[in-house]
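Residue numbers (the numbering used here): 51 to 567.
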């Protein structure tokens, strides 16, 4: 077992300490193995805890055994170290022989003036090993486990951790360990513990999680807390357990993952479908399809048994693994064109009763520019000048009469043509509730440019240098002459400066000759 020294008051702010190796550990202020800051009466080196050996015996066996491994505490302080056994009166370690006392499970230890109180106890580390095939490697892992005071068991339900190698095949024992909410770790986590002596907490499992294989699919096993809620909110419909590969374990895995389970025989598709309308109901498909329910379950989400097991192991259900339910397409809303006889009687019947006499439906693609009814009763027709035009709705079809006929209600129609706008001569007064009239600009022909366009008002807007003096030959010639003149002036000035310097040099030479003579 791993030895632990934990603060009696969890809110005190003091650290926990786990001892993973035998040896002598100093208790005191900064620089010691076990640091105590709460009590000002703690000496620099207040006490020493000596672990003679790490034990791999269960706590019950340790209590009944007189030859259990000893843990001694020795007092080295000024204000004393006290042991309270079984909630009795505290005993001063300084009064024991050699100032040493034996520590056992659940002993309370106080340092200094009594403000720093710790509980000394065992921390069980029991491993279920499934990663070693050869006896030599299994023996090596047993030695590693024993070195930190751990224990190896043959029952996965009695363990605290499951040692697994990478890419191990899924076994029933592994699924039982998942149901029992055990931690899955690699042997590298065990080796990390064996290298340490004292730690403030059990190392994280995040970087030591194994990846196992379930029928060719690689799954990284998640921690128990992640697995507990991965299927929360889902309701799974199950066939009898004998129809599934994993049998009863599948139902237990779903329960551990937080899912609700219903038998498909208890689920009434007609009455309970509305009850689970806003919830996620998923049918778990068995290996053999049940023909009697195939039409009913097709209306629900479905998932394979293997995908569901992988979701529990990984702690995440991939929604892409869910098979979407069949969608019933309703034919109440369509874009079929209704062709009827061109008569006023049929038009009035279709408008008032929304039911036409026997009609003939012609299915064809409706172009994007087909006519639509506007809120103000204005209808825009398509480019072709057909004799009929439709007002579409999802439940009925209102058929307008021929373009040459007057509207039965007396309302005017604006007919859009490709080349011009035609408006009926009879224009009754338009009354609108909100006071807004018909926007006739929406029927303007967009391709016809206006006479007051920006290009006409500003002729050089598109080509700003067109018809300007920039391309004039006379201007270009004058520019060239000006450049040539400036070049000549620069050359003349350079020659002048050079000649002036040369004359100054000759005068200086003559002056020096006359001076020397």
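We put the CB at the ideal spot given by N, CA and C, even for glycine.
Report yes if the CB atom of residue 162 is closer than 9 Å to the CB atom of residue 96, and no otherwise.
Closer than 9 Å, so yes.
Would you kindly report the start and end of the unbroken alpha helix (DSSP H) that includes residue 305?
298-306 is the span of the alpha helix (DSSP H), which, as asked, contains residue 305.
At which residues does the alpha helix (DSSP H) containing residue 274 begin and terminate?
274-278 is the span of the alpha helix (DSSP H), which, as asked, contains residue 274.
What is the residue span of the beta strand (DSSP E) that residue 150 lies within?
Per DSSP, residue 150 belongs to the beta strand (DSSP E) from 150-153.
Quick check: residue 68 and residue 315, are their CB atoms within less than 9 Å of each other?
No. Outside cutoff.
Would the beta-carbon of residue 121 fall within 9 Å of that of residue 101?
Here residue 121 is near residue 101, since their CB atoms are less than 9 Å apart.
What first and last residue would you give for the alpha helix (DSSP H) that runs through residue 189?
Residues 185-197.
For residue 483, which residues of its own chain have a beta-carbon under 7 Å away from its beta-carbon, when the five flanking residues on both sides are left out?
Unreliable placement is indicated for residue 483, whose pLDDT of 47 sits below 50; the coordinate value is still reported in the next sentence. There are no such residues.
With DSSP run on the structure shown, which of helix, strand or coil describes residue 237?
Of the three classes helix, strand and coil, the one that applies to residue 237 here is helix, per DSSP.
Chain-order list of residues whose beta-carbon lies under 6 Å from that of residue 130 (same chain, five-residue window excluded):
Shown here for residue 130: same chain residues with a beta carbon closer than 6 Å to its own, the five before and five after excluded, namely 142 and 144 in chain order.
In whole angstroms, what is the alpha-carbon distance linking residue 159 and residue 93?
Cα-Cα distance, rounded: 15 Å.
What's the call for residue 553, buried or exposed, on a 16-neighbour Cβ count within 10 Å?
By the Cβ-count criterion, residue 553 is exposed, with fewer than 16 other Cβ atoms from all chains shown falling within 10 Å of its own Cβ.
Any beta strand (DSSP E) of 3 or more consecutive residues that is wholly inside the region 52-83
Secondary structure within the region 52-83: the beta strand (DSSP E) runs of 3 or more consecutive residues, fully enclosed, are 52-57, 67-69 and 73-78 (chain order).
Contact with chain B by residue 90, beta-carbon distance below 9 Å
The structure shown contains no chain B, having only a single protein chain.
Compare the C-alpha of residue 58 against each of 157, 225, 348 and 99 and name the closest.
Looking from the CA of residue 58, the closest CA among 157, 225, 348 and 99 belongs to 157.
Measuring straight from C-alpha to C-alpha, what distance separates residue 7 and residue 337?
It is not possible to answer for residue 7, since the shown part of the chain is limited to 51 through 567.
Can residue 70 and residue 191 be called in contact, C-beta distance under 9 Å?
Cβ atoms of residue 70 and residue 191: not closer than 9 Å.
Going by C-alpha to C-alpha distance, which of 155, 285, 307 and 123 sits closest to residue 147?
Residue 123 is the option with its Cα nearest to residue 147.
Proximal residues to residue 82 (C-beta, below 6 Å), its chain only, five neighbours per side dropped
Same-chain partners within the cutoff: 76.
Less than 9 Å between the C-beta atoms of residue 220 and residue 286, yes or no?
At least 9 Å separates the beta-carbon of residue 220 from that of residue 286.
Let me check understanding here. Comparing Cα to Cα, which of 526, 218 and 199 lies closest to residue 72?
Selected option, being the one with the closest Cα: 199.
Following the continuous beta strand (DSSP E) through residue 171, name the residue where it begins and the one where it ends.
Note, residue 171: beta strand (DSSP E), 166-173.
With a CB to CB cut of under 7 Å and the five nearest residues on each side skipped, what residues in its chain are close to residue 202?
So the list reads 177, 179, 192 and 195, once near-sequence residues are dropped.
Beta carbon of residue 358, beta carbon of residue 304: below 9 Å?
Against a cut-off of 9 Å, the Cβ pair of residue 304 and residue 358 comes out as a contact.
To the nearest angstrom, how far is the alpha carbon of residue 247 from that of residue 270?
Between residue 247 and residue 270, the C-alpha separation is close to 30 Å.
Measuring CA to CA, which of 360, 80 and 557 is closest to residue 266?
Of the listed residues, the one whose Cα sits closest to residue 266 is 360.
Extent of the continuous alpha helix (DSSP H) to which residue 93 belongs:
No alpha helix (DSSP H) contains residue 93, which DSSP labels as neither H nor E.
CB-CB length for residue 171 against residue 56, believed under 8 Å:
So it is a contact: roughly 7 Å between Cβ atoms.
Between the alpha carbons of residue 372 and residue 62, how many angstroms are there, rounded?
Taking the straight line from one Cα to the other gives about 49 Å.
Can you tell me which of 169, 151 and 138 puts its alpha carbon nearest to the alpha carbon of residue 60?
Just measuring C-alpha positions, the residue of 169, 151 and 138 sitting nearest residue 60 is 169.
By how many angstroms is the C-alpha of residue 529 removed from the C-alpha of residue 523?
Residue 523 and residue 529 have their C-alpha atoms some 10 Å from each other.
If I follow the unbroken beta strand (DSSP E) through residue 268, where does it start and stop?
Taken as a continuous stretch (DSSP letters only), the beta strand (DSSP E) holding residue 268 covers 267-270.
If I measure Cβ to Cβ from residue 226 and keep anything under 8 Å in the same chain, skipping five residues before and after, which residues do I get?
Setting aside the 5 residues that flank it on each side, residue 226 is surrounded in the same chain by 206, 207 and 299, each with a C-beta closer than 8 Å to its C-beta; the list follows chain order.
Who does residue 122 pair with in a DSSP beta bridge?
Bridge partners of residue 122: 100 and 152.
CB contact flag (residue 276, residue 365, <9 Å)
Note that the C-beta distance between residue 276 and residue 365 is below 9 Å.
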